[in-house]
Every structure is written in C-alpha cells, then in structure tokens.
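Enquirer:
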Amino acid sequence: QKEVEQDPGPLSVPEGAIVSLNCTYSNSAFQYFMWYRQYSRKGPELLMYTYSSGNKEDGRFTAQVDKSSKYISLFIRDSQPSDSATYLCAMSRNSGNTPLVFGKGTRLSVIA
Amino acid sequence: GAVVSQHPSWVICKSGTSVKIECRSLDFQATTMFWYRQFPKQSLMLMATSNEGSKATYEQGVEKDKFLINHASLTLSTLTVTSAHPEDSSFYICSARGGQDRFEAFFGQGTRLTVV
Chain A
1 QKEVEQDPGP LSVPEGAIVS LNCTYSNSAF QYFMWYRQYS RKGPELLMYT
51 YSSGNKEDGR FTAQVDKSSK YISLFIRDSQ PSDSATYLCA MSRNSGNTPL
101 VFGKGTRLSV IA
Chain B
113 GAVVSQHPSW VICKSGTSVK IECRSLDFQA TTMFWYRQFP KQSLMLMATS
163 NEGSKATYEQ GVEKDKFLIN HASLTLSTLT VTSAHPEDSS FYICSARGGQ
213 DRFEAFFGQG TRLTVV
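Read top to bottom, the protein sequences are chains A and B. Residues in the first sequence are numbered consecutively from 1, following the working numbering. Residues in the second sequence are numbered consecutively from 113, following the working numbering.
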C-alpha cells in the first residue's frame with residue numbers, strides 16, 4: 001500500500017461547478033498537509049496548508065483534514081477554466097527538514 | 113508566499129557535457145532543499161535532500177556522482193548533472209523548507225533539460 005493515494009483522474013467539470021479532490025494516507029504520524037497546483041511545465045504552487053485536523057478556507061478553496069479517517073480534501077468553489085491543472089496533495093510527519101510525501105496528482109479540466 | 117527561484121528554466125546541452133541548475137530561496141533561509149525529477153504526466157520523484165553545510169542525502173537508485181548537489185548557503189543550492197546523456201533529459205524541480213518556524217515547502221519554477 002502506498003503511503004499516499006490520490007486518484008489521478010482525469011476529472012472534467014463544467015465551469016462554475018464545485019470540485020472535490022481527495023487523498024487518503026496510511027501513516028498516522030503525518031501532521032502537516034498541503035495542496036499544490038501544478039500547471040504544465042511549471043513548478044508546483046502552494047495553494048493550502050494545514051496542521052493536524054480541521055478546515056481551512058481561502059477564497060474559493062477549502063482544505064479539510066480528517067486524521068481519524070486519514071483522509072484529506074480540497075474543495076474548489078465556482079471553478080474556472082484557469083483552475084485546469086494537476087493538483088497534488090502532500091504531507092509530512094514534521095515541520096523540519098524531511099521531504100514531503102506526495103500523491104500522484106489529479107488532473108482537472110474545467111470546461112467553459 | 114515565499115519565493116524560490118530556479119535557473120535556468122530550460123537548457124539544451126550536448127551529450128557528455130555538464131549542466132548546473134541553481135535554486136535560490138529569495139525571502140527566507142532554507143535550511144533544507146530538495147531536488148525532484150518529474151517525467152511527463154508523472155508525479156514528483158525525490159532525488160535528494162540537501163541541508164546547508166552538509167552532504168546531500170540521495171534516494172535509492174540516484175547516482176550521486178552523476179547528480180552533484182551543493183548547498184553552500186541558506187539561500188542557494190545547486191544541482192549539477194555531470195556527463196549528461198539523453199536519458200537524463202527531464203524536468204528538474206527544487207523545493208525549499210524553512211525549518212521549524214514554517215512547515216510549508218515552496219517550489220522553484222522547474223528546469224527542462226534536453227540532452228542531444
């Protein structure tokens with residue numbers, strides 16, 4: 001079993017839809033959770049970051065962490081064609097000098 | 113958010129030559145930097161972890177003599193691909209974490225290396 005599982009998609013939605021992206025993980029020691037957006041041929045861009053369980057909202061984006069279920073989600077409201085990208089979840093045990101563990105990424109297309 | 117600058121964004125080199133890629137954290141001190149390789153439509157593959165002032169830790173299967181990593185300061189890490197071959201052609205991305213006071217990791221823009 002991989003440490004982090006993420007459905008690669010592709011996921012295609014109409015403009016304005018609510019998008020739900022998810023990851024599950026197996027290591028209960030993970031405490032720090034991040035979501036990145038990556039456009040083609042670009043480096044990943046940090047969208048959201050959370051520590052431990054709970055929700056965090058920033059504009060059209062909401063990140064949720066459920067540590068009891070080892071499940072994290074990213075919701076995108078009022079999706080736009082410019083949201084079309086690959087979304088990567090990432091997590092780590094500590095805040096220091098350990099690398100993040102990534103999901104494979106979900107390819108999202110928002111159709112105008 | 114914090115800025116990590118990676119240079120060059122793309123490079124074409126001849127087989128057998130060496131290429132150096134720079135990664136700079138512009139507005140925070142990056143105690144740790146990471147180097148990744150990414151193939152088309154694939155996720156990030158960690159190559160090595162470098163801590164300022166010490167030798168890099170390479171992932172299994174990554175040739176440390178081919179991929180030389182130097183992290184001489186808290187704001188600069190370099191990856192040198194030595195004696196490059198066409199199979200080294202890929203997208204290389206660096207990432208930096210700032211230590212105990214911030215846990216997020218920030219990425220550079222990536223470098224597309226083509227070896228001909």
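We put the CB at the ideal spot given by N, CA and C, even for glycine. Since the model is a prediction, treat every value here as computed from it, not as a measurement.
B/Thr192: which of B/Asp177, B/Ser185 and B/Ala184 sits nearest, CA to CA?
Expert: Closest option to B/Thr192, Cα to Cα, is B/Asp177.
Enquirer: What residues of chain A sit near B/Phe146, judged by a beta carbon separation below 7 Å?
Expert: Simply Pro99.
Enquirer: Near A/Ala112, which residues of its chain fall below 7 Å by C-beta distance, leaving aside the five closest residues on each side in sequence?
Expert: Correct list, in chain order: Glu15 and Pro81.
Enquirer: Give me the subset of the stretch 27 to 44 of chain A whose CB atoms are less than 8 Å from a CB atom of chain B, sorted by chain position.
Expert: Hits within the stretch, in order: Tyr32, Met34, Tyr36, Arg41, Lys42, Gly43 and Pro44.
Enquirer: Just to confirm, are A/Tyr25 and A/Glu3 a CB contact at a threshold of 8 Å?
Expert: Contact flag set, yes.
Enquirer: When the Cα of B/Ser130 is compared with those of B/Asp200, B/Phe215 and B/Met145, which residue comes out closest?
Expert: That would be B/Asp200, whose Cα lies nearest to the Cα of B/Ser130.
Enquirer: Could you compute how far the alpha carbon of A/Gly54 sits from the alpha carbon of A/Ile72?
Expert: So the alpha carbons of these two residues sit roughly 10 Å apart.
Enquirer: Using Cβ-Cβ distances below 7 Å, what residues of the stretch 206 to 228 of chain B are close to chain A?
Expert: Cβ contacts with chain A: Arg209, Gly211, Gln212, Phe215, Glu216, Ala217, Phe218, Phe219, Gly220, Gln221, Gly222 and Arg224.
Enquirer: Determine, using beta carbons only, whether A/Leu46 and A/Met34 come nearer to each other than 8 Å.
Expert: In this structure, A/Met34 lies closer than 8 Å to A/Leu46 by Cβ.
Enquirer: In chain order, which alpha helix (DSSP H) runs of at least 4 residues are fully inside the stretch 8 to 79 of chain A?
Expert: Segments of the alpha helix (DSSP H) lying fully in the stretch 8 to 79 of chain A: there are none.
Enquirer: Within 10 angstroms of the Cβ of A/Tyr49, are there 16 or more other Cβ atoms? Answer buried if so, exposed if not.
Expert: Buried.
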